[in-house]
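For reference, the structure discussed in these notes is given below.
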Amino acid sequence: MIVTNDFRSLWAEIGPEVLAAVERVGRSGWYVLGREVDEFERRLAASWGLPHAVGVASGQDAIEIALRSVGLRAGGKVLTTPLSAFATTLAIARCGGVPVFVDVDERGLIDLDACREALLAEPDIRHFVPVHLYGHALDLDRLQALQRSFALTIVEDCAQAIGARWRGRPVGTVGAAAAVSFYPTKNLGALGDGGAVLTAEPSIAARARVLRHYGQSATYVHDELGLNSRLDELQAALLADVLLPRVDAWTERRREVARAYGTGIRNPAVKVPAVEARSESIWHLFPVLVEGSGRDRFREHLRQRGISSGEHYPRLIPDQKALRDSGRFEVRGDLVRARRYAEGEVSLPIHPYLSDDDVERVVAAVSDWEG
Ligand SMILES: *Cc1c(COP(=O)(O)O)cnc(C)c1O
């Protein structure tokens, strides 16, 4: 079976190094927020070209902590996308924020024209959580223009886009802060949960450090209601020693696979969304759109040829019961392109362990589907 995440091959590559790191942390006798976390934060920030990284327990917590660190308060409106992991909106909701959804563009990323309209219509929107979905970079020049025109505070959700660039500029460097996830399926995936807040602003980093640790500003001094959202030494050691040093090579292989799919797949019933040349994607996922109502049949066709696939995401966030029940959100417009993704998107396998033969099999299977 050609799988969507090949954790067995990952272990075959990194197992011995993981065990060595576990041994070192085990012997150290220090397991939460210590030297390993400090060192990983330093290396992550350096590799990103930002001065501060703060390790936390998950990508969702990274978004919540970043939003609270930049001053989002209960009742504040937050512009965001209806097509993402639910965690993006859940983090906003956990701050007491009110998500405002606008449609996506042809690539499935939040439509920056729709954002401008929303910001003109609702000047009380002060915060914005854009998502660099599928590993593609949003247009950072336009993001920066929106930030300046509307004096917005932006937290970039980079959970799927660590290392992606727009015209050479890394994602996560326009907003006041960026949030990343080390969930195992992500491009920089740990062997468990983890996340980080990145920022150029020392005061935001300092606030994030307080919030991740019970809101404790000094030992047993709690000035605000924080979280328990610490990165542990084991995950930090694995990330620093074993995973971060490999991520660029892994991305390179993902790009080769994406190129092969992009040039090889020829099927009028399966649309490969055009990608911007200026977006240097890291190809977290490889989305295609199936015409009409053929998604289940298409996925079954792939399955019969030994190919797993995914859907990102089959239900829009504002259609989720949890959010409906809360009643605390706004939708602007009809979200017609987002619905097109929710109904027809299929994610083809893309990861560093696909062989050339696997890639050819996927191209052939997609191309000979009869729709
Ligand atoms: C995975 C993901 C998250 C949440 O990260 P966790 O580590 O699972 O909490 C948030 N946003 C996006 C776009 C994601 O893909």
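The numbering of the sequence shown is the working numbering, which starts it at 127 and goes up by one.
For every residue, glycine included, the Cβ atom is placed at its ideal position computed from N, Cα and C.
May I ask whether a heavy atom of ligand 1 can be found less than 7 Å away from the beta carbon of A285? yes
Taking the beta carbon of V306 as the centre, do at least 16 other beta carbons fall within 10 Å, making it buried, or is it exposed? buried
Just the Cα atoms here: how many angstroms apart are A147 and L369? 11 Å
In DSSP terms, what D265 is bridged to: The partner list for D265 (beta bridge, DSSP) is empty, contrary to what the question assumes.
Close Cβ partners of L449 (< 7 Å) along its chain, the five nearest in sequence each way excluded: T215, I443 and F455
Compare the beta carbon distance of R392 and S493 with 8 Å and say whether it is the shorter of the two. yes
So is the beta-carbon of S452 under 7 Å away from any non-hydrogen atom of ligand 1? no
Relative to ligand 1, is the shortest distance from any of its heavy atoms to the C-beta of T214 smaller than 7 Å? yes
Along the chain, where does the beta strand (DSSP E) containing G141 start, and where does it finish? It is not in any beta strand (DSSP E) - G141 instead sits in the alpha helix (DSSP H) that spans F133 to S154.
Could you have a look at K312 and say whether DSSP puts it in helix, strand or coil? coil
Kindly list the residues whose CB is nearer than 7 Å to the CB of G388, restricted to its own chain and excluding five residues on each side of it in sequence; keep chain order. V398
I'd like the list of long-range same chain contacts for L351, defined as Cβ closer than 7 Å, with 5 residues on each side in sequence excluded. G341
Anticipated Cβ contact below 8 Å, I236 with V228, distance rounded: 7 Å
Looking only at its own chain, which residues have a Cβ that is under 8 Å from the Cβ of E232, when we skip the five neighbours before and after it? P399, A400 and R463
Looking at the strands, I want to know which residues DSSP matches up with F412. L474
Taking the straight line between their C-alpha atoms, what separation do you get for W292 and H258? 11 Å
Residue span of the beta strand (DSSP E) that contains D239, given as start and end: Counting along the chain, D239 falls outside any beta strand (DSSP E), though it belongs to the alpha helix (DSSP H) covering L238 to A247.
What first and last residue would you give for the beta strand (DSSP E) that runs through S481? From DSSP, S481 is part of no beta strand (DSSP E); its letter is neither H nor E.
Beta bridge counterpart(s) of T206 as assigned by DSSP: F227 and V255
Quick check: does the Cβ of Y309 come within less than 7 Å of any heavy atom belonging to ligand 1? yes
Taking the beta strand (DSSP E) that S164 belongs to, which residues open and close that run? The sequence shown places Asp at residue 164, rather than the Ser named in the question. Run containing D164: none in the beta strand (DSSP E); it sits in the alpha helix (DSSP H), R161 to W174.
Are the beta-carbon atoms belonging to V300 and A287 less than 8 Å from one another? no
Is any heavy atom of ligand 1 found at a distance shorter than 7 Å from the C-beta of D231? no
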